[in-house]
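Accompanying notes for the structure given below.
In the working numbering, the protein residues as written are 167 to 343.
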C-alpha cells in the first residue's frame, strides 16, 4: 500500500535533487480534483493511440497498479483495461487497495515510460521498488518496453507545444541529476 512506500523513499531518493526539493512541497496544497480530468484524458489518449500497450496487459487488465512517485505528494492508480482505462491521483493515505505497487522518483518513473531506463536494472539498484503482484508489474513493464516510440512523448504531444517543452525540461533535469 502507499504507506509502505513512504519507507521506500529513503532507499530510492536522497531528496537532494533540485526537483525533489521543489516538487513535493510545491504540489502539496494542489487540489487533486483539478488533476483528475487531465489524467483521464491522458489514459484515454494512450488507450486510443497505443491499443497494443493495453492489449498486452492481457490477464492483468482488471488489476490496479499503484504508481508512487515518491517525491510527489500524491500517488497514481492505473487500471490498464483496454475498454475502460483508469488513471487517478490520490493522497497517499487515501489510496485504494491495489494489486501491484511501483515506487520511484518522478523522473525515474518518467524515464521508464519514456523508454530510457531498464526496469530490471532500476529494481536491482534500488531506484525502483515493487510490491504485490510482480507478474502484473513485469507484464506492464514488458508492454512498455515493446512499444515503438515513447508514451511520454505521446502524452506531451497531447498538450501541444507547452507539453513538449515541459517534457524537454524534465529530460534536461534528469540528465543533470
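Note that the Cβ used here is the ideal one computed from N, Cα and C, for glycine as well. All of these numbers come straight from a predicted model, not from anything done at the bench.
Under the three-state reduction of DSSP, which class applies to residue i: helix, strand or coil?
i, result
"residue 234", "strand"
"residue 247", "coil"
"residue 259", "helix"
"residue 325", "coil"
"residue 240", "strand"
"residue 307", "helix"
"residue 330", "helix"
"residue 222", "helix"
"residue 228", "coil"
"residue 199", "helix"
"residue 292", "coil"
"residue 216", "coil"
"residue 174", "In this prediction, residue 174 scores a pLDDT of 45, lower than 50, which makes its location untrustworthy; the coordinate-derived value is nonetheless stated afterwards. Residue 174 falls in the helix class under three-state DSSP."
Quick one: is residue i near chain C, going by C-beta distance under 9 Å?
i, result
"residue 315", "Considering every chain present, this structure includes no chain C. It has just one protein chain."
With which residues is residue i paired in a DSSP beta bridge?
i, result
"residue 313", "DSSP output for residue 313 lists no bridge partner at all."
"residue 297", "267"
"residue 254", "243"
Closer than 8 Å by C-beta to residue i: which residues in its own chain qualify, once you throw out the five before and the five after it? Chain order, please.
i, result
"residue 221", "248"
"residue 207", "324"
How many whole angstroms separate the CB atoms of residue i and residue j, which I take to be in contact at a CB cut-off of 8 Å?
i, j, result
"residue 243", "residue 264", "6 Å"
"residue 322", "residue 332", "7 Å"
"residue 313", "residue 205", "Actually they are not in contact, since the Cβ atoms of residue 313 and residue 205 sit about 20 Å apart, beyond 8 Å."
"residue 280", "residue 216", "Not a contact, Cβ separation roughly 14 Å."
"residue 336", "residue 276", "6 Å"
Return the chain-ordered list of same chain residues with a C-beta closer than 6 Å to the C-beta of residue i, the five sequence neighbours on each side being excluded.
i, result
"residue 245", "230, 252"
"residue 266", "231, 298, 299, 302, 303"
Identify, in the order they occur along the chain, each residue of the same chain with its Cβ nearer than 7 Å to the Cβ of residue i, setting aside the five sequence neighbours on each side.
i, result
"residue 213", "220, 248, 251"
**Message:** Using a Cβ distance threshold of 8 Å, determine whether the stretch 294–305 contacts the stretch 251–263, with at least three qualifying pairs required.
**Reply:** no
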